Amino acid sequence: MESTATPSSSPTRRGRDIPASPVWWQRLLGENGIQKWVFFIPIVFFVLFFAAPVVLTIVFSFFERTQFWMEPGFTLFAYENFFTSARAENYVFSMLHSAAAVVVSFVLGFPIAVFVRRRVAKAAQHRVILLFILPFMISELVRVFAMRPVLGRNGVVNNFLIDIGIINEPITIILFSPLGVIIGDVMSFLPFMIFAGFLALEAVQNYIFEVCDDLGAGPARLFGDIIVPLAAPGIFAGSVFIFVNSMGVALVPTLLGGPGAVNAGLIANQAIVALDFPLAMAISTIMILTLVLLLYVGHRLFDLTKVLEPIS
Amino acid sequence: MRNSSDTAVEVVDLGKNYGTVKALNAVSFTIDSGQYYALLGPSGGGKTTLLRLIGGFIQPTAGQVLLHGEDVSHLPPNKRPTSMVFQSYALFPHMNVERNVAYGLKLRKVPANEMRDKVDWMLSMVGLDGYNERMPHELSGGQQQRVQLARSLVLDADILLLDEPLAALDAKLRKDMCLELKRIQEKVGITFIHVTHNQEEALTVADRIAIIADGDLIEQGTARDIYETPRKRFTAGFIGDNNVLGGIVAGVSGERVTVDLDFAKVDIAAPGTTAAAGDQVSFSVRSELLRMVDPGQTADGAWQSVPATYLETIYLGLTTSHLVRLPDGSEVAARFVSSEDDIGSFETGQAVTIGWPSGRARLHVS
Chain Y
0 MESTATPSSS PTRRGRDIPA SPVWWQRLLG ENGIQKWVFF IPIVFFVLFF
50 AAPVVLTIVF SFFERTQFWM EPGFTLFAYE NFFTSARAEN YVFSMLHSAA
100 AVVVSFVLGF PIAVFVRRRV AKAAQHRVIL LFILPFMISE LVRVFAMRPV
150 LGRNGVVNNF LIDIGIINEP ITIILFSPLG VIIGDVMSFL PFMIFAGFLA
200 LEAVQNYIFE VCDDLGAGPA RLFGDIIVPL AAPGIFAGSV FIFVNSMGVA
250 LVPTLLGGPG AVNAGLIANQ AIVALDFPLA MAISTIMILT LVLLLYVGHR
300 LFDLTKVLEP IS
Chain D
0 MRNSSDTAVE VVDLGKNYGT VKALNAVSFT IDSGQYYALL GPSGGGKTTL
50 LRLIGGFIQP TAGQVLLHGE DVSHLPPNKR PTSMVFQSYA LFPHMNVERN
100 VAYGLKLRKV PANEMRDKVD WMLSMVGLDG YNERMPHELS GGQQQRVQLA
150 RSLVLDADIL LLDEPLAALD AKLRKDMCLE LKRIQEKVGI TFIHVTHNQE
200 EALTVADRIA IIADGDLIEQ GTARDIYETP RKRFTAGFIG DNNVLGGIVA
250 GVSGERVTVD LDFAKVDIAA PGTTAAAGDQ VSFSVRSELL RMVDPGQTAD
300 GAWQSVPATY LETIYLGLTT SHLVRLPDGS EVAARFVSSE DDIGSFETGQ
350 AVTIGWPSGR ARLHVS
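Chains as they are written, first to last, in numbering that gives the first Met the number 0: chain Y, 0 to 311; chain D, 0 to 365.
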């Protein structure tokens with residue numbers, strides 16, 4: 000091989016065709032070894048811990064209930080039980096409360112995203128956005144529980160309002176009530192609206208805002224005609240996140256809701272406590288269907304593939 | 000309108016600092032109505048700052064901007080008779096061409112049918128008839144810039160500001176768009192102020208060119224003035240392919256200045272110069288004026304010449320450059336149109352004499 004090699008610096012085609020034969024560990028790490036299979040690891044993970052539980056949830060929802068568990072079979076009893084009890088009504092209320100939490104989060108959170116994008120120095124924007132992660136460093140349980148001394152009868156809010164003379168009697172509707180659940184959901188999940196809104200706005204070129212200044216679009220037109228349409232995929236993504244969590248995280252209504260204030264997650268929890276596993280699975284299946292429907296509608300409206308794609 | 004002497008833009012001692020960084024130092028100039036005016040200079044020289052001050056996108060630290068005689072220094076962009084075309088990515092990505100162009104009219108509450116007529120007329124003006132329904136991402140870079148142009152022109156602003164409008168286009172398209180811009184400007188007859196770092200672009204489009212560098216207006220003039228008779232050393236180095244040489248004034252006689260280069264003395268025609276004997280000066284000769292000459296040819300004073308050593312030939316397509324080294328070590332280039340390059344062949348290291356027609360070098364005292 001050496002004798003036929005020319006001293007020319009450009010390798011010949013023939014020279015490239017004869018690679019040194021790799022040793023066993025090179026083969027193992029090479030393109031036909033681990034490199035070829037490493038991408039299947041996430042798929043295995045996804046099937047094992049995501050797809051399988053979802054399928055099992057749906058399958059179990061049709062099983063027969065036994066005293067302490069369930070046995071294979073096909074019955075719509077769990078669904079009948081759901082739709083003919085107060086649970087269906089509670090589920091709809093849960094959707095409405097979650098929608099309210101989404102709206103409040105948009106009203107409070109999206110302007111923060113706009114403010115950070117438009118008014119904070121470019122170099123500081125990401126740091127400011129990262130600050131909104133700080134609450135997640137505290138246990139969700141502690142954070143939600145800490146709302147009790149704030150919103151309660153003798154809580155910070157009521158004492159303050161009585162001290163400054165705005166009210167005489169404590170406001171009781173803000174804790175152990177559906178309103179309390181909405182407040183708790185907003186407090187817990189608001190950052191998602193800020194993150195998603197900011198990400199969407201970050202993709203909007205500064206020139207766009209300057210064009211609006213040049214054409215004379217006032218703040219209202221700028222917001223309605225330009226900012227919201229361009230950030231729509233992000234707003235939708237944030238909204239779905241908040242809606243799903245408000246529907247499903249049972250902790251918030253457990254700690255802040257009153258007797259009637261439940262969400263879908265808590266209804267399922269209660270079914271598990273009552274050892275009615277098929278019912279719990281049926282409720283979860285209905286939640287999955289609700290979400291899929293929501294995503295489908297959202298995708299048709301906003302094309303969710305654009306959420307993380309820079310706008311050009 | 001093009002020959003009217005109305006002043007469209009008057010800038011008086013305009014300055015802008017960013018913190019302690021001076022972006023623009025007390026610049027003053029005027030632009031006549033209907034003129035195509037180019038602000039040309041290297042990146043970071045302050046030309047975009049100047050354009051943005053005129054448009055009202057940033058506020059001046061000092062000085063005034065007068066548009067048609069009215070002080071607009073503290074008015075927002077939409078209250079000025081200006082409209083801006085940005086570098087790129089400035090179309091609304093969620094609106095089609097028609098809605099993009101119509102948006103400014105919509106804000107001005109123009110009736111729908113009038114709006115449609117104006118938009119169609121303006122789209123045909125920029126050569127985009129029938130593109131109404133296209134989305135920005137379906138258009139090429141050149142087409143996107145045409146839409147921006149239409150969006151600005153449709154508002155009847157009488158001063159159009161263009162901030163490096165062709166920078167994102169490839170060379171061939173840029174050339175076509177230059178001619179297109181000039182044609183459109185002549186048709187609409189309003190004042191265009193065009194910022195660019197590309198000299199060919201500026202020479203193509205502009206009636207007048209201002210050279211902006213280091214926050215100062217270096218000099219201004221017609222394309223021909225700037226190219227053929229640059230007054231400042233910076234302009235000579237920036238525009239065209241000039242050879243700039245430095246020396247000391249050995250004597251001034253009438254309109255003729257003798258410059259001592261240490262290894263040769265040359266006479267430079269400089270009517271009305273302020274240079275005096277002993278001054279450090281520089282002069283420039285465009286590379287296409289340099290020729291290899293016989294030493295005897297310079298005797299009658301028609302040519303000025305210096306001794307040099309031949310270095311190499313560089314073929315550039317349209318032109319061919321011959322590089323030579325002067326005794327002080329500086330390199331100069333003589334350029335020929337390749338098809339007329341009858342200079343013959345030289346060898347590296349060969350002693351030659353390089354010269355230029357007397358009167359064609361430009362003296363620069365600053």
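We put the beta carbon where it would ideally sit given N, CA and C, even for glycine. Because the structure is a prediction, the values reported are computed rather than measured.
Return helix, strand or coil for residue i, following the three-state DSSP convention.
i         : result
PRO75(D)  : coil
GLN279(D) : strand
ASP212(Y) : helix
ASN197(D) : coil
MET94(D)  : coil
GLY354(D) : strand
ILE267(D) : strand
ASP224(Y) : helix
PRO190(Y) : helix
SER304(D) : strand
SER82(D)  : strand
LEU315(D) : coil
ASN31(Y)  : coil
GLN63(D)  : strand
ARG290(D) : strand
LEU47(Y)  : helix
Where does residue i land, buried or exposed, given buried means 16+ other C-beta within 10 angstroms?
i         : result
LYS35(Y)  : exposed
ASN205(Y) : exposed
MET280(Y) : buried
THR81(D)  : buried
TYR130(D) : buried
ALA123(Y) : exposed
ARG12(Y)  : With a pLDDT of 49 at ARG12(Y), under the threshold of 50, the modelled position of this residue cannot be trusted; read the value that follows with caution. Label assigned to ARG12(Y): exposed.
ALA350(D) : exposed
GLY214(D) : buried
GLN58(D)  : exposed
ASN153(Y) : exposed
PRO258(Y) : exposed
ILE181(Y) : buried
GLN144(D) : buried
LEU292(Y) : exposed
PRO190(Y) : buried
MET338(Y) : Residue 338(Y) cannot be examined here, being either before or after the span of chain Y that is shown, 0 to 311.
GLN385(D) : What is shown of chain D runs 0 to 365, which leaves residue 385(D) out entirely.
PHE49(Y)  : exposed
PHE159(Y) : exposed
Between residue i and chain Y, is any beta-carbon pair separated by less than 8 Å?
i         : result
LEU49(D)  : no
ASN77(D)  : yes
MET83(D)  : yes
PHE28(D)  : no
HIS193(D) : no
HIS93(D)  : yes
LEU106(D) : yes
TYR102(D) : yes
PHE282(D) : no
ALA89(D)  : yes
For residue i, decide whether its Cβ has a neighbour in chain D, counting only Cβ atoms nearer than 8 Å.
i         : result
LEU214(Y) : yes
VAL141(Y) : no
ALA229(Y) : One detail in the question is off: residue 229(Y) reads as Leu in this sequence, not Ala. Closer than 8 Å to some Cβ of chain D, the Cβ of LEU229(Y) qualifies, so yes.
SER311(Y) : Model confidence at SER311(Y) stands at a pLDDT of 42, short of 50, so the residue's coordinates are unreliable; what they give is reported in the following sentence. It does: the Cβ of SER311(Y) has a partner Cβ on chain D nearer than 8 Å.
ILE234(Y) : no
GLN25(Y)  : no
ARG299(Y) : no
Opposite residue i in the DSSP bridges: which residues?
i         : result
ALA333(D) : HIS321(D)
MET69(Y)  : ARG64(Y)
TRP23(Y)  : None, per the DSSP bridge assignment.
THR190(D) : ILE158(D)
PHE28(D)  : VAL10(D)
ASN16(D)  : LYS21(D)
THR221(D) : ARG207(D)
ARG285(D) : ASN241(D)
* Ranges of the alpha helix (DSSP H) found wholly within the segment 230-255 of chain D, counting only runs of at least 4 -> Here the runs fully enclosed are 232-237.
Notebook entry, point to check: Fully enclosed by the segment 142-184 of chain Y, which alpha helix (DSSP H) runs are 4 residues long or longer?
Noted result: Listed in chain order, the complete alpha helix (DSSP H) runs (minimum 4 residues) inside the segment 142-184 of chain Y are 146-150 and 155-162.
Contained beta strand (DSSP E) runs [length at least 3] in the segment 106-190 of chain D, N- to C-terminal order: Segments of the beta strand (DSSP E) lying fully in the segment 106-190 of chain D: 158-162.
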